[in-house]
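Just add 6 to wherever you are in the sequence shown, counting from 1, and you've got this note's numbering.
A virtual CB, placed ideally from N, CA and C, is assigned to each residue, including glycine.
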Amino acid sequence: MRFSARMGGVRRSYIREILKVTQNPEIISFAGGLPSPDHFPAQAMARAAAEVLADNGPQALQYATTEGHPPLREFISRRYKATWGLDIPAENILITTGSQQGLDLMAKVMLDVGDAVLMERPGYLGAIQAFSLFGAAFSTADLGPRGVDLDQLEERLRERPKIFYAVPSFQNPSGATYDAATRRDAARLLENSDTILLEDNPYGELRFKGEDVPPVRAFLDQERCALMGSFSKIASPGLRIGWITAAPELMHKLVTAKQASDLHTSSLAQRILYRFLETNDLDAHIAVIRQAYGERRDCMVEAIRRHFPEEARTTEPEGGMFLWGTLPAGTDSEEVFAKAIERKVAFVPGRPFFVDGTDNAFRLNFSNSTPERIEEGIKRMGQCLKEVMAR
Ligand code: PMP
């Protein structure tokens with residue numbers, strides 16, 4: 007086949023490949039980035055769907071505008087104001103088919119082959135993949151316990167990347183969060199650059215410990231930042247509804263690119279979601295998710311203390327869905343993974359999250375397993391770690 011050169015350098019998502027292995031229900035999987043299905047609002051969504059089809063069936067089944075369902079855009083705008091005091095008018099919000107589409111659209115409108123994109127290290131795999139398709143040249147700034155390394159950020163911004171892609175709250179894969187000072191300082195560095203911040207915030211509302219911190223966007227001029235959000239982790243990923251906010255000039259380009267991609271995000275899904283939001287208390291629903299994820303995280307941290315060798319260092323995130331582990335240099339997490347699959351437990355080896363091949367890290371998801379399975383899975387994984395590290 008005469009495939010495009012563009013596809014040549016792009017690998018299939020390693021995690022999506024791993025997920026195929028972990029479909030087997032006997033395997034305790036900490037691999038996926040899956041929200042807890044026990045907390046999907048299935049019944050409320052069923053009612054919302056029935057009402058939408060009964061009351062507005064023809065409109066819900068018809069083509070719709072590219073920008074998205076107006077009341078849903080208004081809802082998101084009001085929520086930014088109420089939560090953070092942020093003024094983001096509905097006209098500057100584009101509904102996307104998951105926030106993953108926001109990455110694709112940003113790559114399309116911003117990048118020529120060879121253009122520089124600054125990523126966090128480690129970084130979100132889906133973004134590496136989306137930007138790779140458009141020939142991005144990556145540079146990285148390390149993530150530490152307080153967020154991005156500001157010295158490295160300053161240095162890399164001098165190289166004038168077109169985009170700095172960041173997940174400042176409960177990042178995928180590391181679970182790391184920028185503290186308030188790091189957000190302000192990062193914003194100041196960005197103000198003095200000509201790089202646009204692409205801030206991705208799908209996990210920000212899933213905080214179960216510590217103080218809430220506003221998005222970095224709150225400290226920046228609207229021209230300097232495109233902020234993305236998603237209903238995937240606070241309502242349902244199957245709906246495929248996210249959004250991107252942008253100043254008018256960028257918004258215009260994104261809308262044009264989306265027209266060519268998919269005309270618009272499912273109008274049926276948008277209307278069902280909006281009816282759900284109108285007739286249910288989203289904050290109360292998020293509170294239930296936070297509580298459950300907090301318990302699962304505590305359970306995993308506790309089990310790790312009992313079962314992992316001390317040299318395996320792991321983080322204790324204050325929110326989100328992931329915990330991050332680092333093994334002593336020379337211990338390859340892919341070797342641990344091979345053993346773990348034999349023992350019917352799975353996680354994600356860290357290598358794909360690095361553009362430089364670092365191999366001694368791993369990601370654990372705690373949102374998608376019950377406490378009983380977390381205890382058993384961590385115990386099995388601890389045995390594998392001990393065996394590999396004893397060599
Ligand atoms: N960004 C990040 C950081 C993510 O972890 C994910 C989900 N894995 C996405 C974007 C995509 O989410 P969605 O398209 O479901 O909104």
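query: What are the uninterrupted segments assigned as beta strand (DSSP E) that are 3 or more residues long and contained completely in the stretch 248-331, given in chain order?
result: 248-251
query: Per DSSP, what kind of secondary structure is lysine 238 in: helix, strand or coil?
result: Checking the sequence, you will find serine at residue 238 rather than lysine. It is coil, neither helix nor strand.
Start and end residues, alpha helix (DSSP H) containing leucine 163: 156-163
- request: Please list, following the chain, all residues that have a C-beta closer than 6 Å to any non-hydrogen atom of the ligand PMP.
  value: The set, ordered by position in the chain, is Gly39, Gly104, Ser105, Gln106, Tyr130, Gly132, Val173, Asn178, Asp206, Pro208, Ser236, Ser238, Pro243, Gly248.
field: For cysteine 390: DSSP bridge partner residues
entry: Answer is none; cysteine 390 lacks a bridge partner.
field: Rounded C-alpha distance that separates arginine 8 from valine 115
entry: 25 Å
message: Which residue wins for smallest C-alpha separation from glycine 104, given the options Glu80, Gly235, Arg379, Gly383?
response: Gly235
Same chain, Cβ closer than 7 Å to isoleucine 347, five either side skipped, listed in chain order: Val27
- prompt: Are glutamine 265 and threonine 72 touching if we call contact CB-CB under 9 Å?
  reply: In this structure, glutamine 265 sits near threonine 72, with a CB-CB distance shorter than 9 Å.
- request: Give me the Cα-Cα distance between glutamine 389 and phenylalanine 36, rounded to the nearest whole angstrom.
  value: 16 Å
field: Best match in Thr146, Tyr184, Gln177 for proximity to isoleucine 169 [C-alpha to C-alpha]
entry: Shortest Cα-Cα distance from isoleucine 169 to any of Thr146, Tyr184, Gln177 involves Thr146.
- prompt: Of the residues Glu32, Ala113, Pro128, which one's Cα is nearest the Cα of arginine 349?
  reply: Glu32
For lysine 215, the nearest candidate out of Asp287, Leu203, Glu301 (CA to CA): Glu301
- prompt: Hey, how far is the Cα of arginine 386 from the Cα of valine 351?
  reply: 7 Å
- request: With distances taken Cα to Cα, identify the nearest neighbour of glycine 383 among His313, Pro179, Met395.
  value: His313
- request: Take the Cβ of leucine 269 as the centre, count every other Cβ of all protein chains shown within 10 Å, and call the residue buried at 16 or more, exposed below.
  value: exposed
task: Using a threshold of 9 Å, state whether the C-beta atoms of glycine 141 and leucine 117 are closer than that.
output: yes
message: Using only CA atoms, which one of Leu92, Ile250, Arg127, Arg79 lies nearest to aspartate 362?
response: Arg127
task: Would you kindly work out how many angstroms separate the C-alpha atoms of methionine 86 and serine 267, rounded to a whole number?
output: According to the sequence as given, residue 86 is tyrosine; it is not methionine. Spanning the two alpha carbons is a distance of roughly 27 Å.
Identified DSSP bridge partners for asparagine 98: Asparagine 98 pairs with nothing; no bridge assigned.
- prompt: Do you know offhand how far glutamate 161's Cα is from aspartate 191's?
  reply: 14 Å
- prompt: When burial is assigned at 16 or more other CB atoms within 10 Å of the CB, is serine 10 buried or exposed?
  reply: exposed
task: Could you pull the start and end residues of the alpha helix (DSSP H) that glutamate 197 belongs to?
output: First-last of the alpha helix (DSSP H) with glutamate 197: 186-197.
Same chain only: Cβ atoms within 8 Å of threonine 201, ignoring 5 sequence neighbours per side: Leu124, Leu163, Arg166, Pro167, Lys168, Ile169, Phe170
query: If you drop the 5 nearest sequence neighbours on each side, which residues of the same chain put their C-beta closer than 6 Å to that of glycine 210?
result: Ser175
message: Closest to leucine 139 by C-alpha separation, out of Met13, Phe328, Ala309, Glu381, would be which residue?
response: Per the Cα distances, Met13.
field: Extent of the continuous alpha helix (DSSP H) run through threonine 89
entry: 76-90 is the span of the alpha helix (DSSP H), which, as asked, contains threonine 89.
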